[in-house]
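Scroll down for the structure; my scribbles are underneath it.
In the working numbering, the protein residues as written are 37 to 215.
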């Protein structure tokens, strides 16, 4: 890695991913359990196509379990941010995590539109998640290390995020039950 490239990218771009993710997910940890208890009954009636087992799980979400799952995902994001810093932003793992973070922000906005109101995560998506992602990508581009965006990469990032999220919730469920 060229020292000049690392300086051009800087820790605000790479390690900033973890900071932005932490602020965003703090909103989710604070809001998800209560929001689900209050809004799922109405959504269940409005969107009957969703299987009952999904609604049942959302209505009874445990705050400790959710926070544990978020912390487990945080470990993956931290790894991506550190790898990004180590490689001057070149890491595919870091860039995929960054892109996934931005796409995740768009998903929050889509959720809020779909339910016609606030959903956990939507407050920080247009104010932090999407602006940070666009800014970090512009810094990577300026440093000449940004990989070209391809639809296949977006699908891969979303699939990886889904697997990490699912695994973290499964592991969190086991950890909280033991504790």
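Yeah, the Cβ is synthetic: ideal placement off N, Cα and C, and Gly gets one too.
- request: Take residue 147 and list the residues in its own chain whose beta-carbon comes closer than 6 Å to its own, dropping the five residues that flank it on each side.
  value: If we look at residue 147 and ignore the five residues flanking it on each side, its Cβ neighbours are 155.
message: If I measure Cβ to Cβ from residue 78 and keep anything under 6 Å in the same chain, skipping five residues before and after, which residues do I get?
response: Same-chain partners within the cutoff: there are none.
query: Leaving out five residues before and five after residue 183 in sequence, what residues of the same chain have Cβ atoms less than 8 Å from its Cβ?
result: 128, 131 and 189.
- request: In the DSSP assignment, find the unbroken alpha helix (DSSP H) run with residue 33 in it and report its ends.
  value: Since the first and last residues shown for the chain are 37 and 215, residue 33 lies out of range.
query: Among 83, 193 and 113, which residue has its Cα nearest to the Cα of residue 60?
result: The option with the nearest alpha carbon to residue 60 is 113.
query: If you compare alpha carbons, which of 96, 104 and 195 is closest to residue 72?
result: Nearest to residue 72 by C-alpha distance, out of 96, 104 and 195, is 96.
message: Using CA atoms only, rank isn't needed, just tell me which of 89, 58, 187 and 158 is closest to residue 143.
response: For residue 143, the closest of 89, 58, 187 and 158 by C-alpha to C-alpha distance is 158.
- request: Using 10 angstroms around the beta-carbon of residue 170, count the other beta-carbons present and answer buried if the total reaches 16, otherwise exposed.
  value: Flag for residue 170 reads exposed.
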